[in-house]
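Under the working numbering, residues 26 to 230 are what the sequence shown spells out, in order. Please read the structure below before turning to the comments.
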Amino acid sequence: MQLNRSEPSRVMRRLLLGISLLLLSACSVSPRLPAPDTQEQAFIYQMNNWSMDARISINREERSDNARLNWKQKQDDYRISLTAGPFNQSVALMQGRPGQVEIQVAGEDDRYVARTPEALMQAILGWNLPVSHAVWWVRGLPDPGQPHESLTADTQQHFLQAGWDIKILRYQEIEPGTRLPSRLRMMHNDLTVNLVISRWQLNDD
């Protein structure tokens, strides 16, 4: 996607939607973890410090936008950066900690601050969507703090949660006996978000 400085508002809004879909709601209380079905699932639920690189595509009606994403998670704090275009121009940087989410858009002086990703989406886009579950979804798990419906025998493969249809299309083995998604699709009404993850890294606590 080429950045056009003559229309920063349109580009910013669409990209902020994509960022907001991939957030941890750090201000909420950590949910009680369910009894894991497998040793692999137990390990993934307990992952607190990790990073990943991915390509994200956001499709709504006849519009499509693409960007590269770097996500670093350390306990409840996170840093998500977006770049786009052939030269990986910086598009936006989001940082969050319990009770605060902040976005800095490239080329703009103002910072956008809210208590939750949902509040930020409502303020900037005028939408009200429960999107804070994605910190679990990108790891191939439903949010343990909310009910979900499994559509396959493997709950990590395809499930419904909070009005979203989550399907893990491909996995990669990051270490013996532990797989994380390398490709997943998240759908809500006419909005589709595809994520292709090229790198996972687990960091020390």
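Glycine included, each C-beta is placed from N, C-alpha and C at the ideal position.
The alpha helix (DSSP H) enclosing residue i, as first and last residue numbers
| i | result |
| --- | --- |
| residue 187 | Where residue 187 is concerned, there is no enclosing alpha helix (DSSP H), given that its DSSP letter is neither H nor E. |
| residue 65 | 64-70 |
| residue 160 | 159-162 |
Where residue i sits in the DSSP three-state scheme
| i | result |
| --- | --- |
| residue 31 | Only weak support exists for where residue 31 lies, its pLDDT of 38 falling under 50; the value from the coordinates is given anyway. Here residue 31 sits in coil by DSSP. |
| residue 49 | Here residue 49 scores only 41 on pLDDT, less than 50, and its place in the model should not be relied on; the value that follows carries that caveat. Here residue 49 sits in coil by DSSP. |
| residue 131 | coil |
| residue 82 | strand |
| residue 227 | strand |
| residue 176 | coil |
Other residues of its chain near residue i: CB distance less than 8 Å, five sequence neighbours each side excluded
| i | result |
| --- | --- |
| residue 86 | 215 |
| residue 64 | 202 |
| residue 136 | 127, 128 and 129 |
| residue 174 | 184, 185 and 186 |
Proximity winner among the options, relative to residue i (alpha-carbon distances)
| i | options | result |
| --- | --- | --- |
| residue 182 | 144, 173 and 193 | 193 |
| residue 184 | 225, 202, 163 and 83 | 163 |
| residue 213 | 223, 123, 186 and 113 | 186 |
| residue 83 | 94, 115, 74 and 98 | 94 |
| residue 98 | 134, 189, 77 and 81 | 77 |
| residue 207 | 67, 80 and 68 | 80 |
Neighbourhood of residue i by C-beta, 7 Å cutoff - its chain only, sequence neighbours within 5 removed
| i | result |
| --- | --- |
| residue 55 | Below a pLDDT of 50, predicted positions are generally treated as unreliable, and residue 55, at 48, falls in that range; no measurement from the model is reported. |
| residue 210 | 192, 194, 217 and 219 |
| residue 198 | 204 |
Chain-order list of residues whose beta-carbon lies under 6 Å from that of residue i (same chain, five-residue window excluded)
| i | result |
| --- | --- |
| residue 58 | The predicted model places residue 58 with a pLDDT of 49, which falls under 50 and marks its position as unreliable; any figure quoted below should be read in that light. Excluding sequence neighbours, residue 58 sits near 70 and 169. |
| residue 115 | 108 and 131 |
| residue 120 | 104 and 127 |
N- and C-terminal bounds of the beta strand (DSSP E) containing residue i
| i | result |
| --- | --- |
| residue 166 | Counting along the chain, residue 166 falls outside any beta strand (DSSP E), and DSSP gives it neither H nor E. |
| residue 90 | 88-99 |
| residue 102 | 102-109 |
| residue 114 | 114-122 |
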